[in-house]
Amino acid sequence: MFISAISSLLLLPSNYSHIEVFRSLAAYLNALLPFILVINLESKELQRLRKVILWLFYFLVTLGFLQYFHLINFLDPLFKFFIPRASAESLSFMNRGATLLSSEPARAGVELIFMYVVVRYTSIRKTLISDALMLIYILFIIQSAMALGCYMVFLLIIYRLRLVLILAVILLLITQINLHSGGRAIDLVYKVIGSSSIYDSLYMVMNVSGARVISIYSSFIYGIHNIFGGGIGCWKISSVDALNMTGFDVGSMRYFQVHGAGSVVPVRSSGFFSNLMLDVGWLGVLMFSFYLYDKLKVYWKNGTESRNLILYFIFNVCVIGSVGDPTPWIVIALMLRIFDYGRNKV
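The UniProt record's numbering numbers the first residue of the sequence shown as 1 and each following residue consecutively.
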């Protein structure tokens with residue numbers, strides 16, 4: 001990463017903002033440094049961190065209800081002072097949900113899901129009920145298609161084949177009941193069910209997700225064709241090249257209609273690994289994958305729960321995990337260490 005950043009500083013044109021190199025590098029370190037720190041904590045520090053996450057989870061859940069029912073709208077200037085894109089109220093006027101303390105419902109939902117992982121495995125006995133309640137919360141309070149998809153993958157990993165029946169029942173209910181307050185998540189399910197082809201379904205998912213899905217796909221395409229990537233901090237240049245390599249009519253998508261008047265504009269890729277593919281190419285991703293494998297392999301043997309969380313973490317960093325978000329990295333390090341301590345005590 002540091003080599004790529006130095007190369008970017010030396011090779012970037014003079015009219016390009018070199019501060020982007022430092023911002024991009026800092027975003028990677030913002031996730032990796034907490035992971036390294038937590039994975040090496042002692043038992044007492046792990047328990048303190050666990051309690052902090054538990055309290056934060058319940059605080060955010062409560063905050064989501066307050067935002068959904070518009071009870072703290074008067075605090076909106078304070079929210080925007082600390083987080084410019086945040087909101088003290090639900091974004092129902094945009095057919096979106098609560099942002100909690102994040103910049104958007106999607107990111108809020110993904111962070112909350114990872115905090116729920118800590119709650120689920122360390123303080124809840126009747127997990128089936130809590131899993132169902134969490135699903136309802138995401139559907140009606142967060143109202144994010146990405147958060148819903150992220151949570152469904154978590155349930156799929158946890159419940160395996162049992163989830164097939166559960167999903168069938170949920171889809172049946174959705175098709176029979178007209179839900180007017182489910183936001184984009186419910187709208188997307190309706191549209192996908194009613195689509196006439198797989199291509200139409202994929203296009204709907206890409207269109208509803210803003211630039212997320214297409215940015216992830218284009219980054220992997222770009223990284224495969226460029227062994228060293230476009231360079232850390234050069235995403236404003238390389239992302240445009242990547243989008244043009246997809247073969248899709250990107251300009252017709254709603255995001256680019258709004259932000260680029262139908263033209264391709266630079267977008268930061270939504271996934272951690274997709275950003276790596278864009279910045280350092282497949283060779284850099286391969287080297288980082290070996291590092292991550294070396295850190296996680298020792299915990300794979302600690303039972304089904306550890307393996308499930310590792311699989312879910314890999315899904316997150318490969319597909320949807322934002323580069324600068326440390327929450328998934330902190331949670332996976334914390335839970336793997338807790339499971340490891342529990343196994344060694346037996």
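Backbone N, C-alpha and C define an ideal beta-carbon position, used for all residues, glycine too.
These numbers were taken from a predicted model, which means no experiment stands behind them.
Through-space distance from residue j to residue i, alpha-carbon basis
i: G64; j: F272; result: 26 Å
i: I232; j: R212; result: 19 Å
i: A261; j: L243; result: 16 Å
i: H259; j: S274; result: 22 Å
i: M287; j: L32; result: 15 Å
i: A27; j: E89; result: 28 Å
i: S289; j: I224; result: 15 Å
i: H180; j: L66; result: With a pLDDT of only 48 at H180, under the threshold of 50, the placement of this residue in the model should not be trusted, and no figure is reported.
i: residue 404; j: L276; result: Since the first residue shown for the chain is 1 and the last is 346, residue 404 is missing from the structure and cannot be characterised.
i: L34; j: L49; result: First, the amino acid is wrong: residue 34 is Pro here, not Leu. For P34 and L49, the distance between alpha carbons rounds to 12 Å.
i: M249; j: S306; result: According to the sequence displayed, residue 249 carries Asp and not Met. The straight-line gap from Cα to Cα measures roughly 41 Å.
i: Q176; j: Y68; result: Unreliable placement is indicated for Q176, whose pLDDT of 48 sits below 50; the coordinate value is still reported in the next sentence. Going by the C-alpha atoms only, they are around 25 Å apart.
i: V346; j: K44; result: Here the model assigns V346 a pLDDT of 36, short of 50, so the residue's position is not dependable, and the following value carries that caveat. Straight-line Cα distance between these residues: approximately 18 Å.
i: E20; j: L311; result: 32 Å
i: K126; j: V280; result: 44 Å
i: V264; j: L37; result: 39 Å
i: P105; j: I142; result: 6 Å
i: S103; j: I83; result: 7 Å
i: Y121; j: R337; result: 13 Å
Element boundaries [alpha helix (DSSP H), containing residue i]
i: I224; result: R212 to H225
i: K44; result: S43 to Y68
i: M253; result: It is not in any alpha helix (DSSP H) - M253 carries neither H nor E in the DSSP assignment.
i: V285; result: F272 to W300
i: N244; result: W235 to N244
i: L91; result: Per DSSP, L91 belongs to no alpha helix (DSSP H) and is neither H nor E.
Rounded Cβ spacing between residue i and residue j (contact assumed at less than 8 Å)
i: S269; j: L278; result: 5 Å
i: V119; j: F57; result: 5 Å
i: T246; j: I216; result: Rounded, the Cβ-Cβ distance is 11 Å, inconsistent with contact.
i: N302; j: F339; result: 5 Å
i: I113; j: A147; result: 7 Å
Heavy atom of the ligand COA within 7 Å of residue i beta-carbon
i: I237; result: For the ligand COA, the structure offers nothing, since it holds no ligand at all.
Q: Taking 8 Å as the threshold, find out whether the segment 134-148 comes into contact with the segment 78-97 through three or more Cβ pairs.
A: They touch, by the three-pair rule.
Q: Scan the segment 93-154 and note each continuous alpha helix (DSSP H) run of 4 residues or more that stays entirely inside, going in chain order.
A: Segments of the alpha helix (DSSP H) lying fully in the segment 93-154: 105-123 and 127-137.
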